[in-house]
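For the sequence shown, our numbering begins at 11 and goes up steadily by one. Please read the structure below before turning to the comments.
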Amino acid sequence: MAPDGVMLSNGPGNPEVVECAIPMIQGILGKIPFFGICLGHQLFALSQGASSFKMKFGHRGANHPVKNLETGKVDITSQTMDMQ
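This is the structure:
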């Protein structure tokens, strides 16, 4: 396999539970482009020696509607975060 890049998506929960991803991230850094969203970004940070913790109250942001201009379908994005 020869990907052009790797993207790790968001997900719920503590990134330390997904420790199996750390060696994979360490193995690809500097070789191919890497992009992480939320949990993926936290896993990247852990792979570089950072730590994470559960926030006392968490962060609850506004929900945003997103409209697909081709289909007209509208989805709602939920902006929440419990881990720092």
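Even glycine gets a Cβ: it sits at the ideal position worked out from N, Cα and C.
Quick check on the burial criterion: 16 or more other C-beta atoms within 10 angstroms. Buried or exposed for residue i?
i   : result
I86 : exposed
S61 : exposed
How big is the Cα-Cα spacing for residue i and residue j?
i   : j   : result
L95 : N73 : Outside the displayed span of the chain (11 to 94) sits residue 95, for which this structure offers no information.
S19 : F45 : 8 angstroms
H2  : S88 : What is shown of the chain runs 11 to 94, which leaves residue 2 out entirely.
K77 : K83 : 6 angstroms
K41 : C48 : 22 angstroms
Please indicate yes or no: does the CB of residue i lie closer than 7 angstroms to some heavy atom of the ligand NAP?
i   : result
K66 : This structure does not include the ligand NAP; it has no bound ligands of any sort.
Leaving out five residues before and five after residue i in sequence, what residues of the same chain have Cβ atoms less than 8 angstroms from its Cβ?
i   : result
I38 : V16, F44
According to the Cβ coordinates, are residue i and residue j closer than 8 angstroms?
i   : j   : result
K24 : K66 : A small fix is needed here, since residue 24 is Asn in this sequence, not Lys. Going by C-beta atoms, N24 is not nearer than 8 angstroms to K66.
Give me, in chain order, the residues of the same chain whose beta-carbon lies closer than 6 angstroms to that of residue i; leave out the 5 immediate sequence neighbours on both sides.
i   : result
S57 : I32, I35, Q36
Quiz prompt | Validate contact between the stretch 53-72 and the stretch 21-33 using beta carbons, cut 8 angstroms, 3 pairs | solution = As far as the Cβ criterion goes, the stretch 53-72 touches the stretch 21-33, which means the pair count is three or higher.
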